[in-house]
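In my numbering, the protein residues as written are 6 to 449.
Where a beta carbon is used, it is the ideal one built from N, C-alpha and C, also for glycine.
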Amino acid sequence: MTRIFPAYAYGDGPVAGCYWAGTVPDDSATTPVASGRITADVAIIGAGFTGLSAALHLAQDGVDVVVLDSMHAGWGASGRNGGFCCLGGAKASSAELADRFGQDALTGWRRAEQDAVALVARLLQDHGIAADTHSQGETILAHNDRSARELAQDVARVKAEYGVDAAWHSPDELKDTGMAGPFKAGLTIPVGFALNPRKYIAGLLRAALAAGARVHGHSPVLRITQDSGGFTLATDLGSVHARRLIVATNGYSSEDLPPWMAGRYLPAQSNVLVTRPLTQAELDAAGWTSRQMAYDTRNLLHYFRLMPDNRFLFGMRGGLLASPQAEAVITARARRHFEAMFPAWRDVETPHGWSGMVCFSSNRTPYCGPIPDLAGAFAGFAFHGNGVAMGSYTGALLADLVQGKPTRLPYPDVMRANAPRFPLGRFRRALLPAGYALAGLADL
Ligand SMILES: Cc1cc2nc3c(=O)[nH]c(=O)nc-3n(C[C@H](O)[C@H](O)[C@H](O)COP(=O)(O)OP(=O)(O)OC[C@H]3O[C@@H](n4cnc5c(N)ncnc54)[C@H](O)[C@@H]3O)c2cc1C
């Protein structure tokens with residue numbers, strides 16, 4: 006595996022303080038290490054939302070499917086994210102999407118974003134997954150006056166593009182509805198909800214296994230070879246032979262698995278802190294009592310929500326280096342931002358802190374489709390930090406694409422555009438500091 010961050014990013018260090026881990030029972034016995042010779046119709050690399058959603062949909066179609074993960078199911082971003090099941094997936098603006106793909110494709114993409122949220126809601130319902138859901142849509146909070154004016158204009162844009170009525174809030178209205186803070190305005194879009202991502206992934210795993218999928222943890226794929234019969238995936242203790250292949254490794258991808266991936270994805274860190282349960286007096290002191298999931302309008306955004314057990318989750322874009330020292334620095338920075346935004350909680354402990362990799366593409370849109378130089382292989386990645394819903398959706402699309410049948414859900418043009426390579430090849434991580442600096446300047 007050739008990866009572009011230091012080894013620390015791919016180990017257990019960054020996720021050691023993850024709050025979600027203690028909220029689910031250990032299910033590793035259901036995902037034994039792959040050993041010996043295993044055969045299947047379809048092999049999937051990666052047991053996150055994308056891989057497990059693909060596995061579930063394939064198994065429900067009666068396809069013999071095997072999933073392999075280097076660690077355990079949900080070990081990647083899927084088991085350690087902020088739990089915003091929300092619109093999004095691309096970084097490109099509406100104007101850019103309309104320019105590149107046309108107005109109809111923009112409409113199709115906006116529809117898919119909503120369908121992705123609906124898919125997760127349906128999966129929770131159909132498989133009896135209790136995932137501590139809350140929030141009626143999502144609220145965007147303006148961090149300066151310019152953003153407040155833009156949010157006011159967004160009411161019409163949201164109606165035109167998503168067909169839903171968004172509500173604009175003045176600072177007084179925000180305060181009255183329990184969302185007090187240094188915010189100049191707010192906009193609530195009534196689509197999406199929050200969940201415990203680890204409970205969702207554990208439920209997806211159970212559903213996929215019950216439908217007949219096989220999932221192997223601690224089984225890193227070390228090599229992919231192709232011959233006339235299909236693919237052979239070599240792991241530490243065995244090999245999987247499958248006629249078709251899905252690569253669902255997103256921010257934890259490798260340059261060589263398969264080589265087509267090289268340079269086409271850019272992992273970037275995101276960080277989360279979680280407080281101890283807050284008392285009612287503490288919530289009242291900050292003026293934040295709402296269960297709405299919220300994020301601010303910065304490019305280097307903060308995202309936060311009050312969870313059902315009164316713990317407060319606060320996340321932000323992470324650092325540029327991966328090491329225990331860098332992790333400590335970025336955790337301290339997240340803590341400073343938390344205290345600046347919610348000074349009433351200056352003395353509230355944040356016993357949980359962790360980080361993980363989101364994934365960008367150079368054309369700022371997610372990719373879902375065939376791997377061009379590897380007949381029978383497909384990939385889905387680059388959800389730009391919004392993969393709870395869109396990763397699940399991509400998995401459902403991949404399940405149909407790999408079977409060569411029409412997709413059960415609309416397959417947006419926006420996701421079909423091949424992901425071009427970033428400049429600088431294996432050293433493309435060096436693009437991030439300049440990108441962050443520019444994003445930070447634009448936030449002023
Ligand atoms: C801190 C953080 C907060 C986030 N918050 C949100 C949020 O609130 N809302 C939202 O929508 N999105 C959020 N995201 C993004 C979201 O979590 C991801 O987009 C989504 O989980 C991607 O799912 P995936 O299945 O494609 O990839 P992942 O969940 O990253 O899974 C990839 C898997 O591939 C495995 N793998 C890699 N290489 C190999 C190999 N060679 N062999 C075997 N297995 C391999 C890895 O072990 C990993 O488990 C956040 C991400 C982070 C890191």
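Distance between residue 267 and residue 430 (C-alpha atoms, nearest Å) | 7 Å
Segment limits, beta strand (DSSP E) that includes residue 374 = 372-375
Whole-angstrom distance between residue 358 and residue 17, CA atom to CA atom | Rounded to whole angstroms, residue 17 to residue 358 spans 13 Å at the Cα level.
Please confirm whether any heavy atom of ligand 1 lies closer than 7 Å to the CB of residue 217.
-> No, the Cβ of residue 217 stays beyond 7 Å of every heavy atom of ligand 1.
Segments of 4+ residues assigned as alpha helix (DSSP H) that fall wholly inside the segment 25-98 = The segment 25-98 contains, as complete alpha helix (DSSP H) runs of 4+ residues, the segments 54-65 (chain order).
Thinking C-beta only, is residue 328 closer than 8 Å to residue 121?
-> no
Is it true that the CB of residue 134 sits closer than 8 Å to the CB of residue 300?
-> no
Should the segment 232-242 be called in touch with the segment 24-32, which here means at least 3 C-beta pairs below 8 Å?
-> no
Please report the Cβ distance between residue 237 and residue 225, rounded to the nearest whole angstrom; I am assuming they are in contact, meaning their Cβ atoms lie under 8 Å.
-> Cβ atoms of residue 237 and residue 225 stay farther apart than 8 Å, at about 15 Å.
Mind checking residue 164: buried by the 16 CB within 10 Å criterion, or exposed?
-> It counts as exposed.
Determine the closest residue to residue 318 out of 332, 305, 293 and 302, with distance taken between C-alpha atoms.
-> 293
Looking at residue 387 and residue 365, is the spacing between their C-beta atoms short of 8 Å?
-> Between residue 365 and residue 387, the CB-CB gap stays under 8 Å.
What distance in whole Å lies between the Cβ atoms of residue 416 and residue 402, which are believed to be in contact at a cut-off of 8 Å?
-> 6 Å
Can you tell me the Cβ-Cβ gap for residue 51 and residue 81, rounded? I've got them flagged as a contact below 8 Å.
-> 7 Å
Local Cβ density within 10 Å of residue 140, reported as buried at 16 or more and exposed below that = buried
Residue 314 burial status per 10 Å Cβ neighbour count (16 or more: buried) = exposed
With DSSP collapsed to three states, give me the class of residue 270.
-> coil
Buried or exposed by the 16-neighbour rule on C-beta atoms within 10 Å, applied to residue 351 = exposed
Using only alpha-carbon positions, find the residue among 389, 253 and 114 that is nearest to residue 55.
-> 253
Leaving out five residues on either side along the sequence, give the residues of the same chain with a beta carbon under 7 Å from the beta carbon of residue 180.
-> 292
What did DSSP end up calling residue 184 once you bin it into helix, strand or coil?
-> If DSSP states are grouped into helix, strand and coil, residue 184 belongs with the strands.
May I ask which residues mark the beginning and end of the alpha helix (DSSP H) holding residue 246?
-> Run containing residue 246: none in the alpha helix (DSSP H); it sits in the beta strand (DSSP E), 243-252.
May I ask you to report which of helix, strand or coil DSSP gives residue 354?
-> coil
From residue 384 to residue 63, what does the alpha carbon distance come to, in whole angstroms?
-> 15 Å
Whole-angstrom C-beta distance between residue 59 and residue 43, which should lie under 8 Å | Contact doesn't hold; Cβ gap of about 17 Å is too wide.
Using a Cβ-Cβ cut-off of 8 Å (strictly less than) and excluding sequence neighbours within five positions of residue 143, which residues of its own chain qualify?
-> 89, 91, 92, 193, 194, 196, 197, 297, 298, 299 and 300
Among 183, 132, 408 and 280, which has the Cα closest to the Cα of residue 25?
-> 280
Which of the three DSSP states, helix, strand or coil, is assigned to residue 120?
-> helix
Residue 276, DSSP secondary structure in three states | The answer is strand: DSSP assigns residue 276 an E or B state.
Find the nearest neighbour of residue 375 within the set 265, 440 and 286, judged by alpha-carbon distance.
-> Measuring C-alpha to C-alpha distances from residue 375 to each of 265, 440 and 286 identifies 265 as the nearest.
So is residue 354 buried or exposed if we call it buried at 16+ other beta carbons inside 10 Å?
-> exposed
Helix or strand or just coil, what does DSSP make of residue 294?
-> Residue 294 sits in coil when the DSSP states are folded into three classes, being neither helix nor strand.
Where do the ends of the alpha helix (DSSP H) carrying residue 343 lie?
-> 329-346
Opening and closing residue of the alpha helix (DSSP H) in which residue 399 lies | Where residue 399 is concerned, the enclosing alpha helix (DSSP H) stretches over 392-408.
Roughly how many angstroms separate the alpha carbons of residue 112 and residue 166, rounded to a whole number?
-> 6 Å
Go ahead and label residue 178 buried or exposed: buried means 16 or more other beta carbons lie within 10 angstroms of its beta carbon, across all protein chains shown.
-> exposed
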